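Counted from 1, the sequence shown has number 15 at position 15 by this note's numbering; the numbering is strictly sequential.
Positions of the beta carbon are idealized from the N, C-alpha and C atoms, including for glycine.
Computed from a predicted structure; not experimentally measured.
Have a look at the structure below, then the notes.
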Amino acid sequence: MIVDILTLFPGMFTGPLTESILKRAQQAGLIHVRLHNIRDWATDRHRTTDDAPYGGGAGMVMKPEPLAACIRAVLALPPGATAAESPASPPVILLTPDGEVFTQAIAQELAGAERLVLVCGHYEGIDERVREALITRELSIGDYVLTGGELAAMVVVDAVARLVPGVIDAESVAEESHGDGLLEYPHYTRPAVWEGRPVPPVLVSGHHGEVAKWRRRERLRRTLLRRPDLLERARAAGRLTAADLAWLAELGWPSQAPQTGP
Ligand code: 4G0
């Protein structure tokens, strides 16, 4: 997978991309991240990339010309320069607080793409006409405002890259939290007693069936306590078994029948 990142601050990416799993994935040729400095596409003497908003108000807006030139240049890069190389044009994704909230399901969807183009905005955002003309999707990593889209882009790259086949162990991806809509069970490693706290005896019992049952129950308990919204969604999607529902009833769920219409 090729990931093109358009930014005014390419240096912000060097840390995350040159450490640990993202570094290994790039060395293995599984993902290739290319950084593009939007400022390189400014044509005036001061290489201006922002300007005051029409109509007045606080802050600055990213000018359309350098950003559009950068996006078009990146879309023209191979692979993807010709129809034969890349039959569909890649998604051009703006990271913005007004975007669709990024989830594991979206990460899974994006992991199937051959190529992603990520646009990092700065200041108060980008000129609306560039959005209309060139942005095909807008994503937000959560309901908060950052100084730029760079950290959000890194979050997206990390979440997507680990789902690209070969980047991490397939079993850990299949088992993890959010993959199937329930939180994870608690994990323990040696020593068997730490600061007076023992590991739950079932985990050292060697009874694999009992371990699996305990883990499922702990996942349900934890999801009920921390994310009842996820539990309701799992129930509605038919992902809870009769045994799950019996255990949840022991835990007092649902404490109140969900409210139905008027
Ligand atoms: C575009 C993403 C980019 C528009 C980017 C701000 C938070 C996120 C930026 C704006 C970002 C996120 C309209 C303020 C840069 N902040 N939650 N900041 N506006 O994903």
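* Asked: Looking only at its own chain, which residues have a Cβ that is under 7 angstroms from the Cβ of residue 60, when we skip the five neighbours before and after it?
  -> Stepping through the sequence shown from its first residue, residue 60 is reached at position 60. Only 50, 51, 52, 123 and 124 meet the Cβ criterion.
* Asked: So residue 263 packs on residue 64, CB below 8 angstroms; how close in whole Å?
  -> Residue numbering for the chain in the displayed model covers 1 to 262; residue 263 lies beyond these limits and cannot be assessed.
* Just mark residue 87 as buried or exposed, buried being the case when its beta carbon has 16 or more other beta carbons within 10 Å. => Taking the sequence shown and counting its residues from 1, the one referred to as residue 87 is at position 87. With a pLDDT of only 49 at residue 87, under the threshold of 50, the placement of this residue in the model should not be trusted, and no figure is reported.
* Asked: Going by other Cβ atoms of all chains shown within 10 Å of its Cβ, with 16 needed for buried, is residue 131 buried or exposed?
  -> Numbered from 1 along the sequence shown, position 131 holds the residue referred to as residue 131. By the 10 Å Cβ count, residue 131 comes out buried.
* Local Cβ density within 10 Å of residue 144, reported as buried at 16 or more and exposed below that -> Numbered from its first residue, the sequence shown carries residue 144 at position 144. That one is exposed.
* Report the partner residues of residue 197 according to the DSSP bridge assignment. => Within the sequence shown, the letter at position 197 stands for residue 197. According to DSSP, which records beta bridges pairwise, residue 197 is partnered with 194.
* Whole beta strand (DSSP E) runs in the stretch 12-83 with 3 or more residues, listed along the chain? -> Contiguous beta strand (DSSP E) elements confined to the stretch 12-83 occur at 32-37, taking only those with 3 or more residues.
* Asked: Beta carbon of residue 71: closer than 6 angstroms to some heavy atom of ligand 1?
  -> Translated into the one-based positions of the sequence shown, residue 71 becomes position 71. No - ligand 1 has no heavy atom lying nearer than 6 angstroms to the Cβ of residue 71.
* Can you give me the Cβ contacts of residue 137 inside the same chain, cut-off strictly under 6 angstroms, excluding the 5 residues immediately before and after it? => By one-based count along the sequence shown, residue 137 stands at place 137. Listed in chain order, the non-local C-beta contacts of residue 137 below 6 angstroms within the same chain comprise 91 and 93, local neighbours out to five positions each way being set aside.
* Between residue 172 and ligand 1, is the CB less than 6 angstroms from at least one heavy atom? -> As a working note, residue 172 is residue 172 in the sequence shown. Answer for residue 172: no, Cβ out of range of ligand 1.
* Please name the residue in 255, 203, 251 and 157 whose C-alpha comes closest to that of residue 221. => Reading the sequence shown from its first residue, position 221 is the one you call residue 221. The shortest C-alpha separation from residue 221 is found at 251.
* Can you tell me whether residue 4 is buried or exposed, with buried defined as 16 or more other CB within 10 angstroms of its CB? -> The residue you call residue 4 lines up with position 4 of the sequence shown. So residue 4 ends up on the buried side.
* Asked: Looking at residue 5 and ligand 1, is the gap between the Cβ and the nearest heavy atom below 6 angstroms?
  -> Counting from 1 along the sequence shown, the entry for residue 5 is found at position 5. Residue 5: no, Cβ never under 6 angstroms from ligand 1.
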